[in-house]
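> Structure incoming, see below.
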Amino acid sequence: MFSLQHWRSQGSFTKINGHQIFTKIAGDVTNPALLLIHGFPSASWDWEGMWQALSEHYFVITLDMLGFGLSDKPKNADYKITEQADLYTQFLKRLNINDVHILAHDYGDTVAQELLARQVASQSEIQINSVCFLNGGLFPEVHKPLFIQKLLLSRLGWIVPKLMNKQKFANNLVTIFGKNTQPTTQVIDTLWELLIYKDGLAVMPKLISYIMQRQQNRERWVGAIVNSHIPLTFIAGTEDPISGKHMIKHYKKLIPNASVKEFTELGHYPQVEDANAITQAYLSFRNG
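Below is the structure:
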């Protein structure tokens with residue numbers, strides 16, 4: 042497992058739309074480009090277990106979104122999903138990349154849906170060739186937020202950062218991982234370190250607005266999946282209380298001939314819980 046220090050040393054900070062954004066690339070630039078989009082409340086380090094294997098097949102690109110990980114966390118930002126999508130688009134343009142495959146998780150699924158919606162509406166600056174979603178709230182009507190997420194969304198949201206500590210964070214994390222694939226001490230320590238970097242807890246009540254944005258933009262973002270003509274797949278851990286079995290069931294119901302791969306032992310962070318299995322599942326989807 043890459044330590045956070047090692048992960049950081051292999052990346053760089055890039056000024057995008059006025060903010061310092063942590064970015065990371067690997068692999069042969071002549072290979073197909075693969076964009077990795079992380080979830081909430083973590084960062085691109087979530088992909089560390091898949092990074093090496095994926096970079097042997099793809100030119101792999103990722104970044105920490107605004108408000109996350111090692112990137113800037115301004116207290117006055119709106120943290121719109123559309124703005125996060127713009128970050129990826131700008132970074133790809135700087136790399137002179139015009140077409141990509143996308144692998145996304147959690148909050149990143151929503152960003153991928155926005156990027157896909159632009160393509161469906163013929164308003165995209167990049168060509169998306171395929172999308173793989175991992176556990177995430179693709180359909181707001183069946184997403185089940187944790188109590189702490191509901192609290193963050195409420196009028197008392199401002200109090201959560203003041204009460205949060207590493208132990209409480211760990212307790213929440215444990216509930217969303219599979220029973221047999223619990224987070225290691227290193228995973229908990231690293232995700233906590235990424236969360237508190239640059240006073241990240243302070244922007245959590247603003248970042249959580251993505252749950253409301255999903256409801257407000259449901260037609261656009263769900264429509265992006267339903268109306269897309271490129272290969273899509275949903276790879277998910279069924280033990281996830283937030284977006285597990287119930288999300289998979291809804292995906293199959295709404296998407297004709299849905300491509301779904303279920304992992305009965307895994308929870309909300311499948312790529313962290315069993316990086317090798319998820320890498321193989323992803324490569325199978327792409328080679329299938």
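Position 73 of the sequence shown, counted from 1, bears residue number 114 in our numbering, the numbering being contiguous throughout. Built from N, CA and C at the ideal position, the CB exists for glycine as well. Because the structure is a prediction, the values reported are computed rather than measured.
If you follow the beta strand (DSSP E) that aspartate 140 is in, where does it begin and where does it stop?
For this step, residue 140 is matched to residue 99 along the sequence shown. Counting along the chain, the beta strand (DSSP E) containing aspartate 140 begins and ends at 140-145.
> Quick check for students: name the residue ranges of the beta strand (DSSP E) that lie wholly in the stretch 229-283, counting only runs of 3 or more.
Whole beta strand (DSSP E) segments, 3+ residues: 273-278.
> Could you name the residues of the same chain whose beta carbon sits closer than 8 Å to that of threonine 216, not counting the 5 residues immediately before and after it, in chain order?
Here residue 216 is taken as the residue at index 175 of the sequence shown, counted from 1. So the list reads Leu187 and Pro282, once near-sequence residues are dropped.
> In chain order, what residues of the same chain have a beta carbon less than 7 Å from the beta carbon of glutamine 168, not counting five sequence neighbours either side?
Position 127 of the sequence shown, counting from 1, holds the residue named residue 168. Hits under 7 Å: Asn139 and Asp140.
> Check this for me: beta carbons of aspartate 127 and phenylalanine 81, under 8 Å apart or not?
The sequence position of residue 127 within the sequence shown is 86, counting from 1. The sequence position of residue 81 within the sequence shown is 40, counting from 1. Their beta carbons are not under 8 Å apart, which means aspartate 127 does not touch phenylalanine 81 by this criterion.
> Please state if the CB of alanine 158 and the CB of arginine 261 are separated by a distance shorter than 8 Å.
Here residue 261 refers to the residue found at position 220 of the sequence shown. Here residue 158 refers to the residue found at position 117 of the sequence shown. Result yes, Cβ atoms of arginine 261 and alanine 158 sit closer than 8 Å.
> Bridge partners for threonine 64 per DSSP, in chain order?
One-based indexing of the sequence shown puts residue 64 at position 23. DSSP lists Ser53 and Leu104 as partners of threonine 64.
> Looking only at DSSP bridge pairs, what is glutamine 168 linked to?
By one-based count along the sequence shown, residue 168 stands at place 127. Beta-bridge pairing links glutamine 168 to Asp140.
> Less than 8 Å separating the beta-carbons of glutamate 280 and lysine 191?
Position 239 of the sequence shown, counted from the first residue, corresponds to residue 280. Position 150 of the sequence shown, counted from the first residue, corresponds to residue 191. Result no, Cβ atoms of glutamate 280 and lysine 191 do not sit closer than 8 Å.
> Tell whether a beta-carbon distance below 8 Å holds between phenylalanine 100 and asparagine 72.
Within the sequence shown, residue 100 is the residue found at index 59, counting from 1. Within the sequence shown, residue 72 is the residue found at index 31, counting from 1. Yes.
> What does DSSP give as the partner residue(s) for glutamate 303 in the beta ladder?
The sequence position of residue 303 within the sequence shown is 262, counting from 1. Its beta-bridge partners are Ala277.
> Would histidine 334 be called buried (16 or more neighbouring beta carbons within 10 Å of its own) or exposed?
Because residue 334 is not part of the residues shown, which for the chain are 42 to 329, the question remains open.
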